[in-house]
Amino acid sequence: MFRNSLTRLGRSTVQRWTAVSRPAVTRVAVRAMATGGAALADLKAASPHVDVVRYEHKNRTWSLNHVDYYSTAMAIGFIDGGLRPSDVILSWLPEHFSEQMILQFACSKAGLVLYTLKPAGEDTAAAQDALTAALTLTKANMLVTPEAYNDLNYIRLVHGVIPELRVFTQEKGLPFVTPRFPHLRYPVHTGFDQLDKEAWLPYRYFLVPSDNLDKLIDTSKLTDKTPLAGTFELDAKGIPTKLGPTLTNQQVFEKNIWPTYNSILQKKFHDVEGIGNIW
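Residue numbers (this note's numbering): 233 to 511.
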């Protein structure tokens, strides 16, 4: 069971070495029926400075404290921006981007459902068809995409699917609206500038480190049974044809569909290989 697995990993020993090199043992229990995000918070409280993952992309090493801090800040940003538990985010981020890992934990903390679309290949027309199908099927409220990856400009790919993004601007403070996907409110990119991206919001804008998530939503209602990861059924070209099962926090952990997420919850340090260009 998910709760038993998290309890075991949450009660792992925290060692503090004494002058005679004997460990003083402290045990910290993970809350019963916890979400992955809540389990992360308990692990961080016990061992905040333990490094758990290094990404080759950008050569970034993350400790439990880093992962919990940024994922909590992003969860707050999502809720502060108007999303609510059970709302849907569609990610087009590669798995070796650390932004994807933070997004996974943020969705767990905020009670959001995350769908992940496989990165575009050489067939850009098929990639645009896949994005169109994914947005239609999921009715996603937010799309998160890299600015560029694998020598492809994702902003241009998305503009080919949602042409309104070419003319809309965030300067007026109005929400983005497109009749093609009326549920979509936030197009988000992980780049750094806004050149030709006036309709987009940068990923970093949703980091709100106010530490008040429990004041914005009732986090006590989020449990290991809370839906977390949506899935697709794909055709031979990788284009979604219909929605698959929606997995709970418990099932995400048990099925190990997010390997980095699971390794962090087990405090297993690992390297994530993979590079990507930044335009």
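Glycine residues also receive a C-beta, built at the ideal position from the N, C-alpha and C atoms.
My understanding is that K500 touches V282, with C-beta atoms under 8 Å, so please give their C-beta distance in whole angstroms.
Actually they are not in contact, since the Cβ atoms of K500 and V282 sit about 10 Å apart, beyond 8 Å.
Does A468 come out as helix, strand or coil in the three-state DSSP assignment?
Coil, per DSSP.
Whole angstroms is fine: what's the gap from F485's alpha carbon to N494's?
6 Å
Going by beta carbon distance, what residues of the same chain come within less than 6 Å of R254, once the five residues before and after it are set aside?
Interpretation of R254 is limited by its pLDDT of 34, a score under 50 that renders its predicted location unreliable; no figure is taken from the coordinates.
Name the residue from Y437, M333, M265 and T364 whose alpha carbon lies nearest to the alpha carbon of F414.
The amino acid at residue 414 is misidentified as Phe; the sequence shows Pro. The shortest C-alpha to C-alpha distance from P414 to any of Y437, M333, M265 and T364 is the one to T364.
Write down the C-beta distance between L178 and T370 rounded to the nearest angstrom, noting that I regard them as a contact closer than 8 Å.
This structure cannot settle anything about residue 178, because the visible part of the chain is limited to 233 through 511.
Hey, which unbroken runs of the alpha helix (DSSP H) at 4 residues or more fall wholly within the segment 426 to 495?
Within the segment 426 to 495, the runs of alpha helix (DSSP H) that reach at least 4 residues and sit entirely inside it are, in chain order, 445 to 448 and 481 to 487.
Tell me, please, which residues DSSP counts as bridged to T368.
Answer is none; T368 lacks a bridge partner.
From the DSSP output, in three-state form, read off T356 for me.
helix
What's the call for P378, buried or exposed, on a 16-neighbour Cβ count within 10 Å?
buried
From L349 to D443, what does the alpha carbon distance come to, in whole angstroms?
A direct Cα-Cα distance of roughly 30 Å separates L349 from D443.
Are the beta-carbon atoms of D456 and Q426 separated by less than 8 Å?
no
How far does the beta strand (DSSP E) with L375 in it extend, from its first residue to its last?
M374 to T377
For the beta strand (DSSP E) holding T219, just list the boundary residues, first then last.
Residue numbering for the chain in the displayed model covers 233 to 511; residue 219 lies beyond these limits and cannot be assessed.
Applying the 10 Å Cβ sphere with the 16-neighbour rule, what's the burial state of S279?
Result: buried.
When you compare the CB positions of P441 and W432, do they come within less than 8 Å of one another, or not?
no
What does the alpha-carbon distance come out to for the pair V260 and N488?
Confidence in V260 is poor, its pLDDT being 44 and thus under 50, which makes the residue's placement unreliable; the coordinate value appears in the next sentence. V260 and N488: Cα-Cα distance of roughly 24 Å.
For the candidate residues A372, N291, F337 and L344, whose alpha-carbon lies nearest to that of I496?
Measuring C-alpha to C-alpha distances from I496 to each of A372, N291, F337 and L344 identifies F337 as the nearest.
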